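Using my numbering, you'd call the opening residue of the sequence shown number 7 and step up by one each time.
Using N, Cα and C, we set each Cβ at its ideal position, and we do this for glycine too.
Being a predicted model, the structure only gives us computed values, none of them experimental.
Inspection log for the structure reproduced underneath, given as structure tokens.
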Amino acid sequence: MRDAKSQLTKKLTEVAGSEPTFVEARPDGFIAFFGDELSALRVAYHYRKKKVTCSHRRALRVWSVTVRNQ
Numbered sequence: 007m008r009d010a011k012s013q014l015t016k017k018l019t020e021v022a023g024s025e026p027t028f029v030e031a032r033p034d035g036f037i038a039f040f041g042d043e044l045s046a047l048r049v050a051y052h053y054r055k056k057k058v059t060c061s062h063r064r065a066l067r068v069w070s071v072t073v074r075n076q
């Protein structure tokens, strides 16, 4: 599981251009937090063919991207 998380983090860093502050891999997809909107939108666009939610979490001061497999 640790290896899968590190691979996902590496892939998201390549896509977003910055490293996510938090990544959680789930059986049905993943959730990632980014410090800026542009990085979150890049990831959301990259996974646009899947079920994607991108939102701002004000309390945490991060942008979250949730991707679920269809």
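For residue i and residue j, what's the separation of their Cα atoms in angstroms?
{"i": "Ser-20", "j": "Leu-66", "result": "Reading the sequence as shown, one finds Glu at residue 20 and not Ser. Between Glu-20 and Leu-66, the C-alpha separation is close to 23 Å."}
{"i": "Arg-91", "j": "Gln-76", "result": "Lying before the first or after the last residue shown, residue 91 is absent from the chain, which here runs from 7 to 76."}
{"i": "Gly-41", "j": "Leu-14", "result": "17 Å"}
{"i": "Glu-25", "j": "Lys-55", "result": "22 Å"}
{"i": "Ala-10", "j": "Glu-30", "result": "10 Å"}
Less than 8 Å separating the beta-carbons of residue i and residue j?
{"i": "Ser-70", "j": "Phe-39", "result": "yes"}
{"i": "Arg-63", "j": "Gly-23", "result": "no"}
Any idea which residues DSSP pairs residue i with across the strands?
{"i": "Arg-63", "result": "Val-68"}
{"i": "Val-58", "result": "Val-73"}
{"i": "Glu-30", "result": "Ile-37"}
Rounded to the nearest angstrom, how far is the Cβ of residue i from that of residue j, given a contact under 8 Å?
{"i": "Val-58", "j": "Ala-50", "result": "5 Å"}
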